[in-house]
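Protein chains in written order, with my numbering: chain A, 2 to 113; chain B, 403 to 713.
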């Protein structure tokens, strides 16, 4: 999908108008951003928005997140285990120390 | 009002004090009896019966003190007071319309869940996770086999270049079986991907519904806040006056208070706020009190201006 984010009031207004008149390309509206379908029409609209408002428009191409393909087992398991913790007040650093779960610092260093 | 206990004893009048009697009746049971009174045959030997006017608007919140909310806000109380007096906030129509639409959306969502279940479509987070896991597993298998096919192809070429016919034939056989397996796994992967994207489309529709409901729920909350603010503004002065009046009562039945509390202290006391609201409200069904503050049920009924059952 295409993620279109606006950074000025004028760009936001244009985006709003696009969303109103081209509902079929809009997957989701999120305040001053929107997710467009991945069609040529969506790209055309996003590009027109950028032509008009230039640096006030950011366009990203997104893809569905598959944690089983993109994320190491250890990270997935740590997330599940931490959300299942017994005491809600335990911070992750304390939870992870002395276990096989990766530390936040380790995860920060490693890219997906 | 007329109240009959399970043991058959009967009390009458607009102020009934069960606290001073040695009867074991809890306030919830009395409230339930007030709300259950439907004018049916009074000889029905129910456990606890009260003949009284049926509870009107506002009694749902103000029918007992302490009220059901642990720290009732002034707006929450005064909205009930307003309703009891038959007043409507300017946003009431808007609110009713939004609430109806929200209820409709919720019904529709429930219907869709049922329809999905009937058709065996599972769009739960677990089903989606499962589909993602399958796509990932099929992708892993595919790349592992693709590598193997490449290796075997190299081996066939090497053997052929070396002129070893026997080894070439053996390697070619292995290559054929790996290539067959690869094409099967490819088919699986494509099928898994198609299943995942079908699920994602279905989930997208679910999310549309969720978003619409969330927006409506926010709008309902906003209108309710406006209604509370309206009643708080309209009835605020009378409410303050009621609290001041309550503070000026001799604090006979209020234990653990050394000096009579001022209106400021009462403002932060949930019981005092609720009592002030009951005094302002226009209720005809009895209010059930399980709090101190008044010397007896009589005094409470006088001050509150409603029939009272004290437990």
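No residue lacks a Cβ here, since even glycine has one placed at the ideal position from N, Cα and C.
Does DSSP put residue i in a helix, in a strand, or in coil?
{"i": "residue 93(A)", "result": "helix"}
{"i": "residue 418(B)", "result": "strand"}
{"i": "residue 428(B)", "result": "coil"}
{"i": "residue 466(B)", "result": "strand"}
{"i": "residue 575(B)", "result": "helix"}
{"i": "residue 21(A)", "result": "helix"}
{"i": "residue 704(B)", "result": "helix"}
{"i": "residue 413(B)", "result": "strand"}
{"i": "residue 66(A)", "result": "coil"}
{"i": "residue 38(A)", "result": "coil"}
{"i": "residue 485(B)", "result": "helix"}
{"i": "residue 673(B)", "result": "helix"}
{"i": "residue 685(B)", "result": "coil"}
{"i": "residue 612(B)", "result": "helix"}
{"i": "residue 61(A)", "result": "strand"}
{"i": "residue 605(B)", "result": "helix"}
{"i": "residue 15(A)", "result": "helix"}
{"i": "residue 582(B)", "result": "helix"}
{"i": "residue 695(B)", "result": "coil"}
Could you tell me if residue i is buried or exposed, where buried requires 16 or more neighbouring beta carbons within 10 angstroms of its beta carbon?
{"i": "residue 706(B)", "result": "buried"}
{"i": "residue 486(B)", "result": "buried"}
{"i": "residue 657(B)", "result": "Confidence at residue 657(B) is low in this model, with a pLDDT of 48, below 50, so the placement of that residue should be treated as unreliable; the coordinate-derived value is given next. It counts as exposed."}
{"i": "residue 57(A)", "result": "buried"}
{"i": "residue 592(B)", "result": "exposed"}
{"i": "residue 16(A)", "result": "buried"}
{"i": "residue 587(B)", "result": "buried"}
{"i": "residue 648(B)", "result": "buried"}
{"i": "residue 7(A)", "result": "buried"}
{"i": "residue 668(B)", "result": "buried"}
{"i": "residue 66(A)", "result": "exposed"}
{"i": "residue 616(B)", "result": "exposed"}
{"i": "residue 48(A)", "result": "exposed"}
{"i": "residue 409(B)", "result": "exposed"}
{"i": "residue 502(B)", "result": "exposed"}
{"i": "residue 525(B)", "result": "buried"}
{"i": "residue 460(B)", "result": "buried"}
{"i": "residue 544(B)", "result": "buried"}
{"i": "residue 5(A)", "result": "buried"}
{"i": "residue 554(B)", "result": "buried"}
{"i": "residue 3(A)", "result": "buried"}
Alpha carbon to alpha carbon, how far is residue j from residue i? Give it in angstroms, no decimals.
{"i": "residue 484(B)", "j": "residue 505(B)", "result": "24 Å"}
{"i": "residue 93(A)", "j": "residue 81(A)", "result": "12 Å"}
{"i": "residue 528(B)", "j": "residue 19(A)", "result": "35 Å"}
{"i": "residue 684(B)", "j": "residue 488(B)", "result": "9 Å"}
{"i": "residue 659(B)", "j": "residue 420(B)", "result": "The predicted position of residue 659(B) is uncertain, since its pLDDT is 48 and thus under 50; a value taken from the coordinates is nonetheless stated next. Between residue 659(B) and residue 420(B), the C-alpha separation is close to 24 Å."}
{"i": "residue 693(B)", "j": "residue 509(B)", "result": "40 Å"}
{"i": "residue 695(B)", "j": "residue 638(B)", "result": "22 Å"}
{"i": "residue 595(B)", "j": "residue 60(A)", "result": "26 Å"}
{"i": "residue 404(B)", "j": "residue 512(B)", "result": "44 Å"}
{"i": "residue 83(A)", "j": "residue 107(A)", "result": "16 Å"}
{"i": "residue 50(A)", "j": "residue 604(B)", "result": "29 Å"}
{"i": "residue 64(A)", "j": "residue 55(A)", "result": "24 Å"}
{"i": "residue 687(B)", "j": "residue 454(B)", "result": "6 Å"}
{"i": "residue 623(B)", "j": "residue 468(B)", "result": "25 Å"}
{"i": "residue 612(B)", "j": "residue 414(B)", "result": "53 Å"}
{"i": "residue 476(B)", "j": "residue 458(B)", "result": "20 Å"}
{"i": "residue 96(A)", "j": "residue 90(A)", "result": "10 Å"}
{"i": "residue 427(B)", "j": "residue 437(B)", "result": "16 Å"}
{"i": "residue 450(B)", "j": "residue 690(B)", "result": "14 Å"}
{"i": "residue 627(B)", "j": "residue 642(B)", "result": "20 Å"}
{"i": "residue 632(B)", "j": "residue 494(B)", "result": "11 Å"}
{"i": "residue 540(B)", "j": "residue 26(A)", "result": "31 Å"}
{"i": "residue 72(A)", "j": "residue 85(A)", "result": "19 Å"}
{"i": "residue 568(B)", "j": "residue 576(B)", "result": "13 Å"}
{"i": "residue 546(B)", "j": "residue 23(A)", "result": "43 Å"}
If contacts are defined as beta-carbon pairs under 8 Å, then residue i and residue j qualify, I think. What distance do you get, rounded to the angstrom?
{"i": "residue 675(B)", "j": "residue 500(B)", "result": "About 28 Å separates the two Cβ atoms, so there is no contact after all."}
{"i": "residue 482(B)", "j": "residue 464(B)", "result": "5 Å"}
{"i": "residue 551(B)", "j": "residue 574(B)", "result": "That pair is no contact at about 12 Å."}
{"i": "residue 708(B)", "j": "residue 418(B)", "result": "Wrong, their Cβ atoms sit about 12 Å apart, outside the cutoff."}
{"i": "residue 33(A)", "j": "residue 13(A)", "result": "5 Å"}
{"i": "residue 75(A)", "j": "residue 103(A)", "result": "5 Å"}
{"i": "residue 645(B)", "j": "residue 678(B)", "result": "5 Å"}
{"i": "residue 584(B)", "j": "residue 548(B)", "result": "6 Å"}
Hey, is residue i's beta-carbon within less than 8 Å of any beta-carbon in chain D?
{"i": "residue 47(A)", "result": "As a matter of chain content, chain D is missing from the structure shown, whose protein chains are A and B."}
Point to revise | Interfacial residues, the segment 41–67 of chain A to chain B, with Cβ spacing under 9 Å | key: 65, 66, 67
Review point. What residues in the segment 587–607 of chain B bring their beta carbon closer than 9 Å to a beta carbon of chain A?
Key: 598, 599, 602, 606
Review point. Which residues, in chain order, does the segment 510–543 of chain B contribute to contact with chain A at a C-beta distance below 9 Å?
Key: 531, 534, 535, 536, 537, 538, 539, 541, 542
Exercise for review: Could you name the residues of the segment 64–96 of chain A whose beta carbon sits closer than 8 Å to any beta carbon of chain B, in the order they occur along the chain?
Suggested key: 65, 67, 68, 69, 70
Practice item. Using a Cβ-Cβ cut-off of less than 8 Å, list which residues of the segment 11–28 of chain A approach chain B; keep chain order. Key: 28
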